[in-house]
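Protein chains in written order, with this note's numbering: chain A, 69 to 400; chain B, 95 to 429. Here a beta-carbon is modelled for each residue, glycine too, at the ideal position from N, C-alpha and C. Take a look at the structure set out below.
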């Protein structure tokens, strides 16, 4: 069986297992996909890659990534995490302030390159999305509400008085959440990271009267959480029983490794699935992951979209054939 | 307890009924819990009947007893109350894999070393993901490294290396191998003086006094070898858990289902693995599932047992090296 359609897979690195799994299906279908890893652009020491423009104004590269493809799967672009190595490579004589400036400049430059490449490769079928483009949590919440999905009430404020009103309105149960990506900070050998946290009365009393604009959300008492992976009009859902464990009650990313949260296949009500599919089509997203909560009030709350989120766990825990579906989409 | 609700086991907690007792296999956490066959029946009905109907149907169990049972299962995190069980579908039992071969066992030898390029090329075509290298007696590290150094050309993701302890090789040399080839998940050194284990990077280095001196040292069935996970369970429902999508190459180059099986399907000297795989009879034992095997089919451990189709008198008979009797139910000492 041979399938000669040109398929390009854009991934973070060779270490991405989901990419490997999908490629294995494509190989079985007789296709040899081409591949571009985001980190091959950052890691100039081990890769040689040059881009230029040909006579007819097309993007070309020495790695053969030229012309138009039948299908492109943007699994995920690099998160620029390899810049940590660059950061470490400076010796102590360079001030940390200058290093920070250099790293943020490099990040901005890499983003320009990323946007340039992503907007200049051509294909008939496109799957996936750039999280940097679709990752605005606030926009997505608003749009979800427009599609009649429940969302936990939120405020964005710089004022302690507004925060106090919001706090009282929701029976003193609110959370503070990251707006963009998770904040990671390495100090010595310890990695500090931000989690979603419940805000207490004491926390608020320690806040100054005015602060940087922050995102507060009503805390939803949940029965369980739901993670979905959506590809076109197919919704694969998994329930996560995180409320049984105090450690994972507010944020299930605080994994309990000894006793992992129970994760099982879930079937969302059709009306919720339709709302999610409509939301995705409104966002022009062909695939991505969604986090939901099933509240004790029996409502389904939309939390957020991770358009390039990991789906391997949903596929594995529930025996969903997501890798196969993606491969099928790309070569059919 | 709201008797209008259902009590259901989580879909990855599978009740399995045996001749005289049952177990619930927790496929997510890799453990199991014994239950009586009566409770098995109640729990099976619970998947489709709300609690009040269960009380109506099973007259010998009252509401208090039932609630105690459910609370115990909740305590073990095996089940939950739910209003609408349709929200929690069963796990699809279709096992899908893009790989024609999942496991390969290679006995390290000069013969196989000579044909290693052909072998690896075939394994790449077949998609093989896991490989086990074995030696029953001393085999030099230098030669072992030739096998390992070519792994990056294949699609293999996990490697297990089982080698014989030898005075000729230093411990440092083995540790260096693990550092150089992190793809090796486990390195077992058998016939060692003491039992011990340590980790080198993300790999395990295990010393065992057990002597694995030939392929006849395989096939033991014991509680310690139970495999309690979802892919294994899905395999076992439809296929033989020991041999399905497995291929082996003996020291002399013979291609077999497993090193302990005599029947050969050609030799790597003059045949590719793909050709051997398509020889009549190669896949014959693949479809013998536990539900087809006498005695095993009434064993409560049937979906977590490693099985063995090599040491037996008849292919539909329970493994010769299994001492468990599901009727008694206990493990007997082999004499």
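Only those residues of the stretch 346-363 of chain A whose C-beta falls short of 7 Å from the nearest C-beta of chain B would be listed, and there are none. By the beta-carbon neighbour count (other beta carbons within 10 angstroms, threshold 16), residue 357 of chain B is exposed.
When secondary structure is reduced to three states using DSSP, residue 114 of chain B falls in the coil class, being assigned neither helix nor strand. If you look at residue 392 of chain A, you'll find it in the alpha helix (DSSP H) that goes 390-399.
Not flagged as an interface residue toward chain B: residue 220 of chain A, since no C-beta distance is shorter than 8 Å.
Boundaries cannot be given for residue 391 of chain B, as no alpha helix (DSSP H) includes it and DSSP labels it neither H nor E. Contact annotation, residue 304 of chain A with residue 386 of chain A: C-beta distance approximately 7 Å; criterion of less than 8 Å satisfied.
By the Cβ-count criterion, residue 365 of chain A is exposed, with fewer than 16 other Cβ atoms from all chains shown falling within 10 Å of its own Cβ. Taking a cut-off of 8 Å on C-beta distances, the stretch 177-188 of chain B does not touch the stretch 207-219 of chain B, as fewer than three cross pairs fall below it. Here residue 124 of chain A is exposed, its C-beta having fewer than 16 other C-beta atoms within 10 Å.
Residue 169 of chain B and residue 106 of chain B have their alpha carbons spaced roughly 16 Å apart.
For residue 139 of chain A, the uninterrupted beta strand (DSSP E) segment begins and ends at 136-142. Residue pairing by DSSP places residue 252 of chain A opposite A/261 in a beta bridge. Distance from residue 219 of chain A to residue 213 of chain A at the Cβ level is roughly 5 Å; contact confirmed, criterion being Cβ atoms closer than 8 Å. Below the 9 Å Cβ cutoff, chain A contributes 328, 330, 331, 332 and 385 as neighbours of residue 122 of chain B, in chain order. Counted as a single uninterrupted DSSP element, the beta strand (DSSP E) harbouring residue 228 of chain B occupies residues 224-228. By the Cβ criterion, the stretch 182-200 of chain B is not in contact with the stretch 340-353 of chain A, since fewer than three pairs of Cβ atoms, one from each stretch, lie closer than 8 Å.
Between the alpha carbons of residue 332 of chain B and residue 397 of chain B lies a gap of roughly 10 Å. Collapsing the DSSP output to three states places residue 281 of chain A in a strand.
Taken in chain order, the members of the stretch 93-104 of chain A whose beta-carbon sits within less than 8 Å of a beta-carbon on chain B are 93, 95 and 96. A direct Cα-to-Cα measurement between residue 395 of chain A and residue 278 of chain B gives close to 29 Å. For the 8 Å CB-CB criterion, residue 356 of chain A and residue 197 of chain A form a contact.
The criterion of a C-beta distance shorter than 8 Å is satisfied by residue 331 of chain A and residue 308 of chain A.
For residue 221 of chain B, the secondary structure class from DSSP, reduced to helix, strand or coil, is coil. The closest CA to that of residue 294 of chain B, considering only B/130, B/268 and B/340, is found on B/268.
For residue 403 of chain B, the three-state secondary structure derived from DSSP is coil. Neighbours of residue 144 of chain B across chain A, judged by C-beta separation under 9 Å, do not exist; the nearest C-beta is about 17 Å away. DSSP places residue 201 of chain B within a strand segment (E or B) once states are collapsed to three. By the neighbour-count definition (other C-beta atoms within 10 Å, threshold 16), residue 375 of chain B is an exposed residue. Collapsing the DSSP output to three states places residue 293 of chain A in a strand. At least one CB atom of chain B sits nearer than 8 Å to the CB of residue 389 of chain A. Per DSSP, reduced to three states, the secondary structure at residue 238 of chain B is helical. Here residue 306 of chain A carries a strand assignment [DSSP, helix/strand/coil].
When C-alpha distances from residue 252 of chain B are compared across B/144, B/281 and B/239, the shortest belongs to B/281. In summary, residue 102 of chain B is buried, with 16 or more beta-carbon neighbours lying within 10 Å of its beta-carbon over all protein chains present.
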